[in-house]
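Encoded as structure tokens, the structure appears first; notes follow it.
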Amino acid sequence: MMLWFENGVQIQRLSRVDSDFSGFLHHSGIPSIDMYYGADYHVYHTAFDSYEWMIGNADPLFHRHVAMAGIWGLLGIILADEPVIPYISYAEQLQVHRDALSKILQGKAFVDPLSMAIQ
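This is the structure in structure tokens:
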């Protein structure tokens, strides 16, 4: 079975802090995925973000929803069969943050336990 990273595929880091996944990623350290179909829509997370708006304006026959469900299903099947999930870029980003923390602390505290946890 071929691993993702052998083919140069990596899961990219999530840089936004203003979405539903930020609590999982930035506070709990749980890797998350942010996927959407097309561009952001103007009523996202407003009182108008409803079933009625969706069937009247955005995706009346839910074709985009069906497509995204299919992509999520295939992603789940692929990741379930992989012995190693490619979170290499996630660890690299944690190392960047560790280095920044080390500079801020200027030797006042050791970051060795954090370094060992990242590895």
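To get my numbering, take the position in the sequence shown, counting from 1, and add 68. Heads up, the beta-carbon is just placed ideally off N, CA and C, and yes, glycines get one too. The structure displayed is predicted, hence computed values, not measured ones.
Inter-residue spacing [alpha-carbon to alpha-carbon] between residue i and residue j
i, j, result
"Arg166", "Asp102", "24 Å"
"Ala185", "Leu162", "10 Å"
"Asp88", "Gly144", "20 Å"
"Pro181", "Gln174", "16 Å"
"Trp140", "Ser100", "13 Å"
"Met69", "Ser157", "The pLDDT assigned to Met69 is 41, lower than 50, so where the model puts this residue is not dependable; a value taken from the coordinates is nonetheless given after this. Their Cα atoms are separated by approximately 21 Å."
"Ile146", "Tyr109", "29 Å"
"Ala159", "Ile123", "41 Å"
"Pro151", "Val164", "26 Å"
"Asp127", "Gly106", "11 Å"
"Lys171", "Phe92", "26 Å"
"Arg132", "His113", "18 Å"
"Leu189", "Met136", "Beyond the ends of the chain as shown, which are 69 and 187, falls residue 189; an answer cannot be given."
"Phe50", "Gly138", "The question about residue 50 has no answer, for the chain in this structure spans 69 to 187."
"Ala177", "Gln187", "19 Å"
Nearest-angstrom Cβ-Cβ length linking residue i and residue j, presumed shorter than 8 Å
i, j, result
"Trp121", "Val134", "About 18 Å separates the two Cβ atoms, so there is no contact after all."
Test: residue i CB closer than 9 Å to a CB of chain B
i, result
"Leu169", "In summary, chain B is missing from the structure at hand, where a single protein chain is found."
Residue interval of the alpha helix (DSSP H) (run including residue i)
i, result
"Ser134", "Correcting the residue identity first, residue 134 is Val in this sequence and not Ser. It spans 131–149 - the alpha helix (DSSP H) in which Val134 sits, taken as one unbroken run."
"Pro181", "180–186"
(message) To test your reading of the DSSP string, which unbroken beta strand (DSSP E) runs of 3 or more residues are found completely within the region 98–123?
(response) none
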